[in-house]
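Below: the structure, in structure tokens.
Residue numbers (the working numbering): 128 to 206.
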């Protein structure tokens, strides 16, 4: 499943209130500013609790930002 486009337009990081990047094939939303990944449960329920966010290593951050750039993933909204 994929997240609804209208939902994506309003999703923001619960910590810094900035935009996220939707990585559909990884079932995650990513905040590169804080290096935090939010999982998407059962394909369409974003888990946006700060305590549930995964801290991402520098190597994983590099992989994710390269993927975002290569795949042309747009932020959930323009800051």
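All C-beta atoms, glycine included, are put in the ideal place defined by N, C-alpha and C.
Element boundaries [beta strand (DSSP E), containing residue i]
{"i": "residue 155", "result": "155 to 158"}
{"i": "residue 150", "result": "148 to 150"}
{"i": "residue 144", "result": "No beta strand (DSSP E) contains residue 144, which DSSP labels as neither H nor E."}
Assigned exposure category for residue i - 16 Cβ within 10 Å defines buried
{"i": "residue 163", "result": "buried"}
{"i": "residue 146", "result": "buried"}
{"i": "residue 134", "result": "exposed"}
{"i": "residue 172", "result": "exposed"}
Limits of the unbroken alpha helix (DSSP H) element including residue i
{"i": "residue 194", "result": "185 to 198"}
{"i": "residue 132", "result": "132 to 137"}
CB contact below 8 angstroms: residue i versus chain D
{"i": "residue 198", "result": "No chain D is present in this structure, which holds just one protein chain."}
Coil, strand or helix - residue i by DSSP
{"i": "residue 231", "result": "Since the first residue shown for the chain is 128 and the last is 206, residue 231 is missing from the structure and cannot be characterised."}
Exercise. Report yes or no: do three or more beta-carbon pairs, one from the segment 196 to 204 and one from the segment 175 to 182, lie closer than 8 angstroms?
Key: no
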